[in-house]
Amino acid sequence: MLAACVAVALPACASPASGAADPVGQGRALYIESCAGCHGDDARGRHGQAPALLGVGAQSADFYLSTGRMPLADPRAEPVRSPPSYTAAERRALVAYVASLGGPRVPRVDPGRGSIAEGQELFTSHCAGCHQIVGRGGVVPGGVAPALQEATPQQIAEAVRIGPYLMPAFPERQIDQRELESIARYVLSTRNPPNRGGWGIGNIGPIPEGMVAWLLAGTALLLVVRLLGKRAEP
Amino acid sequence: MSRVGRALLLVLLFWRGLRAPRPPGPEPAVEEGGPEEGRPFRREVGAQRRDELLVAGLLLASAAASAAFIALLFADADPRLLGLSLALAVGLLGAALGLASRRLVPREEAIEQRPRLAHPEALPPVRARLGSVGQGVSRRGLLGAAGVAAGTALAAAVAVPVTALGPAVGESIAQTPWRRGRRLVGENGKPLRAGDIPAGSFVTAFPEGADKRELGSAVVVVREDPERLALPPERQDWAPLGIVAYSKICTHAGCALAMYRQPLYEPTSDQPGIACPCHYSVFDPRTGGTVLAGPAARSLPQLPLRLGPGGELRAGGGFSGPIGPSWWGVRKT
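So the sequences go chain by chain: F and S.
Under numbering that gives the first Met the number 0, read the first sequence as residues 0 to 233, first letter to last.
Under numbering that gives the first Met the number 0, read the second sequence as residues 0 to 332, first letter to last.
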């Protein structure tokens, strides 16, 4: 194989995910290099450290790698969205390897087929409790519910099906494919929510808006009172 | 919207009336000098019939606005109209008082040395002055009546919303729609089966055929690993296949429990918890809804579950305790 590489294109051999060989093998090599320390050489997991990857499928691998949640420096830390550590080709190889261990495929989702109104309704009842109604994220005791503006439709679908970290999973029986597409369409719409003018303070809702209004109005009133008091002085 | 427009038009017309040029009247009486010679003193009696009528009109308009607030409140009108009428009532009352102080009541400018006031012989003239504040005001009865009307009506408008408080709760909290054998249905009204509650998911359920908006209706249903369930001994048969149900109403302030934290890999994250988005009370679904964190002081009431012959979920009875936010003596019920 090395000889073939040298013959065809030498630079391509520098990257282990050159695409010249089978992606599962390359993925396995990458896995042993960076993931096996916690998930185990045979992907059966290490108790108290990392779960088994048998049966999680391409769905989980693609989600965790494309959102930069894995690899995790400290297995006890909460995985949060960050720039991916691997190139697209390396991720494809890793996903192919994890997929070869069995499990669900990457879900297909077409937000264009969903209804934004239904999506908002479903998002309100299933997601907004933690992620907040415009998807700006929030806090769950024990974790962080991330903001969703960077999520791609595929990542949205994967998260709904997997239930990463402390999030509950929503299987097909609870949120079917069409509903999932509606939710994805609604979440995409929160990237540019309708702007009614004025200071939107990140569209985080009427309660913070009211608090900001009280704060500003209270300060303005205090200033007016002070000015009036100054004028009244002889 | 047209009602609001008409009200705004009224305000505008009223403002124009206020700004209209005043007809020439008798010159206000001005009294220079003072009761005691040698001190700067000026007294102006400015009451005019027109001003009196204007103040009385403003006071009566304020009373009318307060009455309108009460009427609108009972008519269940748009809250914006309620706010507008109350604002008019207070605003007109303020305008009337301001106008009365500027145009009706005699104005005095007097400078007096402070130590002088301490002398007892200075008191009788001061008392006499204080007693003459109504000088020049001819329609005292009308103004007084209008003032009383405005004040009473505003006080009534502020007090009447008390009637909007709901009926006394009484025994209704203890009586939830849940009965032994009643089926659990989803938000779409379809009966829930055990297979509809996969591990790791979070389902809101209601009693079949009951009003979903009732406080005691909504329950959260989750499936836990039966081996990790640690329910109290008397509730051992309340969780078929590890499926447990709890009231969806937080025992702290009565919000709906909308958050479920379900660890994908428990050794490196938190244990499962049903959480309230209002003040972050967290309840443990494995131990019968005990409080894990947050301000709630009382466990979530648990609903016993049974599995029907077709695999459908049925209630095994009522809740384990009173549902809804806590109150004094809640543990005695």
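By construction, the Cβ of each residue, glycine as well, lies at the ideal position given by its N, Cα and C atoms.
This structure is a prediction, so every number in the text was calculated from the model and none was measured.
Check for me: the alpha helix (DSSP H) holding residue i runs from which residue to which?
i        : result
Arg230/F : Pro205 to Ala231
Tyr264/S : It is not in any alpha helix (DSSP H) - Tyr264/S carries neither H nor E in the DSSP assignment.
Gly315/S : Per DSSP, Gly315/S belongs to no alpha helix (DSSP H) and is neither H nor E.
Val125/S : Leu122 to Gly130
Ser188/F : Gln176 to Ser188
Glu120/F : Ile115 to His125
Gly82/S  : Pro78 to Leu98
Gly150/S : Arg139 to Ala158
Ile161/F : Pro152 to Ile161
Gly36/F  : Ala35 to His38
I'd like the list of long-range same chain contacts for residue i, defined as Cβ closer than 6 angstroms, with 5 residues on each side in sequence excluded.
i        : result
Ile155/F : Ala183 and Val186
Val220/S : Ile196, Val202, Ala204 and Ala244
Gly24/S  : Per-residue confidence for Gly24/S stands at a pLDDT of 49, beneath the threshold of 50, marking its modelled position as unreliable; no derived number is given.
Ala55/S  : Leu141, Leu142 and Ala145
Arg305/S : Arg313 and Gly315
Arg106/S : Glu43
Ala95/S  : Val54, Leu57 and Leu58
Tell me the rounded alpha-carbon separation between residue i and residue j.
i        : j        : result
Gly47/F  : Leu214/S : 41 angstroms
Leu72/S  : Leu81/S  : 7 angstroms
Ser99/F  : Leu179/F : 26 angstroms
Ile115/F : Ser181/F : 6 angstroms
Ala62/S  : Val211/F : 34 angstroms
Asp77/S  : Leu164/S : 18 angstroms
Asn191/F : Arg43/F  : 42 angstroms
Glu108/S : Val44/S  : 12 angstroms
Ala67/S  : Leu153/S : 10 angstroms
Ala257/S : Glu157/F : 21 angstroms
Arg128/S : Leu227/F : 30 angstroms
Pro70/F  : Ala49/F  : 11 angstroms
Gly54/F  : Trp327/S : 51 angstroms
Trp237/S : Arg181/S : 14 angstroms
Arg222/S : Ile242/S : 4 angstroms
Thr218/F : Gly102/F : 58 angstroms
So what does residue i bridge to, in DSSP terms?
i        : result
Ile174/S : What sits at residue 174/S in the sequence shown is Gln, not Ile. Beta-bridge pairing links Gln174/S to no other residue.
Gln301/S : Tyr245/S
Pro190/S : Val184/S
Leu52/F  : Note: Leu52/F sits in no beta bridge, so no partner.
Asp283/S : Thr289/S
Val139/F : Gly142/F
Leu306/S : Leu312/S
Arg45/F  : Ala49/F
Ala255/S : Ile248/S
Would you kindly report the start and end of the unbroken beta strand (DSSP E) that includes residue i?
i        : result
Asn97/F  : Sequence check: residue 97/F is Val here, not Asn. Segment Ala87 to Ala98 is the alpha helix (DSSP H) holding Val97/F; no beta strand (DSSP E) there.
Glu108/S : Arg106 to Ala109
Ile273/S : Gly272 to Ala274
Ala204/S : Phe201 to Pro206
Val221/S : Val218 to Arg222
Applying a beta-carbon distance threshold of less than 7 angstroms, which residues of chain S neighbour residue i?
i        : result
Cys129/F : Met258
Phe169/F : Ser200
Gly47/F  : Pro266
Gly162/F : Gly199, Gln261 and Leu263
What does a CB cutoff of less than 8 angstroms around residue i pick up in its chain, not counting 5 residues either side in sequence?
i        : result
Gly141/F : Leu165
Arg192/S : Gly309, Gly310, Glu311 and Leu312
Pro321/S : Ile172, Ala173, Pro300, Val329 and Thr332
Leu91/S  : Leu57, Leu58, Ala60, Ser61, Ala64 and Ala149
Taking C-beta pairs closer than 9 angstroms, name the residues in chain F that residue i reaches, listed in chain order.
i        : result
Gly272/S : Val139, Pro140, Gly141 and Leu165
Ala292/S : Pro140 and Gly141
How would you list, in chain order, the residues of chain B whose beta-carbon sits under 8 angstroms from the beta-carbon of residue i?
i        : result
Pro145/F : No chain B appears in the structure shown, which is made up of the protein chains F and S.
Please list the partners that residue i has in chain S, where partner means a Cβ-to-Cβ separation under 8 angstroms.
i       : result
Arg75/F : Thr267
Pro50/F : Leu263 and Tyr264
Who are the near neighbours of residue i in its chain, counting only those whose CB is closer than 7 angstroms to its CB and skipping five residues on each side?
i        : result
Ala231/F : none
Ile69/S  : Ala155, Ala156 and Val159
Arg179/S : Ala314, Gly315 and Gly316
Pro193/F : none
Gly67/F  : Arg80, Ser81, Pro82, Pro83 and Ser84
Ser84/S  : Ala64, Ala67, Phe68 and Leu71
Pro207/F : Ile200
Going along chain F in order, which residues have a C-beta closer than 7 angstroms to the C-beta of residue i?
i        : result
Asp195/S : Arg172
Val184/S : Residues of chain F passing the Cβ test: none, with the nearest at roughly 14 angstroms.
Val281/S : Pro140
Pro276/S : Gly128
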